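Chemist: First the structure, then my questions, so here it is.
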Ligand code: MUC
Ligand code: MG
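If you want it as structure tokens, here you go:
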């Protein structure tokens, strides 16, 4: 069975609650839906979030690279020749999320063709994941009110606090208010999106030592190698790499360089194929991972659930799966539900990323 056509459809859905963080903000999901058609009429789908501040991609660049670069090389290739497809995709450097979406859409095609859920083809470890919710920049009391509301409504008790503003005045205060208000049982960690210097991060770690934080993600710019290494060596909690480890090679380098001792794995930027390699590499090096969020829609989140639930190593920790709740609407045909703080993997064949066609018509911006 061969790839017959690849579509890259730009669309835009507003956010009810915009998300602000140290490296940018998101007011609307101006994403790209990738659709791959086979010569036998099977269609695979995946969502692509442009994150210019993280990967340098834009909605237009994603559409262009999928349609003009990947499309012509992939048409005619057998859907099961996965290694050949990887070689074609990785001939082009960068374009992380565009490659990720093509890979996930192809897995969707494979699952649908075989009549199997992709989560089982990947590993089939479990049927649901525990959810962690990402809290953007807001005054401390508003953050606590929101976290309490999420706990009450969805049973979520793990929160990632976006930091990287003013470390002493805003970030530490927000963490303190959350810990006091949520109590000892809540899992809490911080992500500064490179907003601090290594010294500021060290100061935050000293002052939050008794807050029971689980880990600290991307505190500073990992390219400042010695500062980052010093942090990792001296930190009482793991230092996680997110945007400093966007692919297999960089993830390996960060661990070997001593720039991180925990890894965020994001299907949006790694697809399933590269993400699985990152997980295997991390496991072999004794490094924990967790499923991160690329500010995903429900379509993107389903892919994270499918992948995260497939492996023991990714299912261990709570996964960042709930930021679609901030969106005004979504394309996913069967809306996701968070019950008792967990999301279940879809049961049907493929990835489960089927979209509502009427909504796609309404939100697509290429007509
Ligand atoms: C995260 O963990 O950093 C914010 C920017 C981005 O690219 O992803 C998000 C979440
Ligand atoms: Mg991050």
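Numbering (this note's numbering), first residue to last: -10 to 356.
Note that the Cβ used here is the ideal one computed from N, Cα and C, for glycine as well.
Model, not experiment: these values are computed from the prediction.
Just how far apart, CA to CA, sit residue 335 and residue 219?
Modeler: Residue mapping note: residue 335 aligns to position 346 of the chain shown, counting from 1. Residue mapping note: residue 219 aligns to position 230 of the chain shown, counting from 1. Cα-Cα distance, rounded: 43 Å.
Chemist: Confirm the yes/no value for this check: CB of residue 236, any heavy atom of the ligand MG, distance under 7 Å.
Modeler: Along the chain shown, one-based indexing puts residue 236 at 247. For the ligand MG, not one heavy atom lies less than 7 Å from the Cβ of residue 236.
Chemist: Let me have the residue list for the ligand MG: C-beta closer than 7 Å to any non-hydrogen atom, ordered along the chain.
Modeler: 180, 182, 206, 207, 231, 232, 253, 281
Chemist: Taking only heavy atoms of the ligand MUC into account, decide whether any of them is closer than 7 Å to the Cβ of residue 201.
Modeler: Position 212 of the chain shown, counted from the start, is the residue given in the question as residue 201. Distances between the C-beta of residue 201 and the heavy atoms of the ligand MUC are all 7 Å or more.
Chemist: Using three-state DSSP, classify residue 40 as helix, strand or coil.
Modeler: Sequence index remark: in the chain shown, residue 40 carries index 51 (1-based). Coil, per DSSP.
Chemist: So within the region 182 to 223, which uninterrupted alpha helix (DSSP H) runs reach at least 4 residues, ignoring any that extend past its ends?
Modeler: Taking 4 residues as the minimum length, the alpha helix (DSSP H) runs contained wholly in the region 182 to 223 are 187 to 196, 214 to 223, in order along the chain.
Chemist: Are the beta-carbon atoms belonging to residue 7 and residue 16 less than 8 Å from one another?
Modeler: Your numbering for residue 7 matches position 18 in the chain shown. Your numbering for residue 16 matches position 27 in the chain shown. Yes, these two residues count as a Cβ contact at 8 Å.
Chemist: If you draw a straight line from the C-alpha of residue 49 to the C-alpha of residue 228, how long is it?
Modeler: The residue given as residue 49 occupies position 60 in the chain shown. The residue given as residue 228 occupies position 239 in the chain shown. Their Cα atoms are separated by approximately 34 Å.
Chemist: When we look at the beta-carbon of residue 31 and count the other beta-carbons within 10 Å, is it buried (16 or more) or exposed?
Modeler: To locate residue 31, count along the chain shown from 1; it is residue 42. Buried, by the Cβ-count rule.
Chemist: Could you tell me whether any non-hydrogen atom of the ligand MUC is closer than 7 Å to the CB of residue 261?
Modeler: The count along the chain shown starts at 1 and reaches residue 261 at position 272. Residue 261 Cβ: outside cutoff for every heavy atom of the ligand MUC.
Chemist: If you compare alpha carbons, which of 343, 307, 296 is closest to residue 144?
Modeler: Your numbering for residue 144 matches position 155 in the chain shown. Closest in C-alpha terms to residue 144, from the list 343, 307, 296, comes 307.
Chemist: DSSP puts residue 331 in a beta bridge; with which residues?
Modeler: Taking the first residue of the chain shown as 1, we reach residue 331 at position 342. Note: residue 331 sits in a beta bridge opposite 119, 328.
Chemist: Is the beta carbon of residue 246 sitting closer than 8 Å to the one on residue 214?
Modeler: Numbered from its first residue, the chain shown carries residue 246 at position 257. Numbered from its first residue, the chain shown carries residue 214 at position 225. Cβ distance < 8 Å, so residue 246 and residue 214 count as in contact.
Chemist: Determine the direct distance from the alpha carbon of residue 81 to that of residue 72, and round the result to whole angstroms.
Modeler: Residue 72 sits at position 83 when you count from the first residue of the chain shown. Residue 81 sits at position 92 when you count from the first residue of the chain shown. Taking the straight line joining both Cα atoms gives about 15 Å.
Chemist: Runs of 4 residues minimum, wholly inside the region 28 to 88: which ones carry the alpha helix (DSSP H) assignment?
Modeler: 41 to 44, 48 to 53, 60 to 63, 71 to 79
Chemist: Check whether the Cβ atoms of residue 283 and residue 255 sit closer than 8 Å, and answer yes or no.
Modeler: Here residue 283 refers to the residue found at position 294 of the chain shown. Here residue 255 refers to the residue found at position 266 of the chain shown. Going by C-beta atoms, residue 283 is nearer than 8 Å to residue 255.
Chemist: Quick check: the Cα distance between residue -9 and residue 197, rounded to an integer number of angstroms?
Modeler: In the chain shown, residue -9 corresponds to position 2, counting from 1. In the chain shown, residue 197 corresponds to position 208, counting from 1. Their backbone Cα atoms lie some 55 Å apart in a straight line.
Chemist: Note the first and the last residue of the continuous alpha helix (DSSP H) segment covering residue 131.
Modeler: On the chain shown, position 142 is the one that residue 131 refers to. That run of the alpha helix (DSSP H) goes 129 to 143.
Chemist: Taking the alpha carbon of residue 272 as the reference point, which residue from 300, 27, 248 has its own alpha carbon closest?
Modeler: Start at 1 with the first residue of the chain shown, and residue 272 comes out as number 283. Looking at the Cα atoms, 300 is the closest of the given residues.
Chemist: Which residue or residues does DSSP assign as beta-bridge partners of residue 148?
Modeler: As a first step, residue 148 is located in the chain shown; it is residue number 159 there, counting from the start. According to DSSP, which records beta bridges pairwise, residue 148 is partnered with 122, 177.
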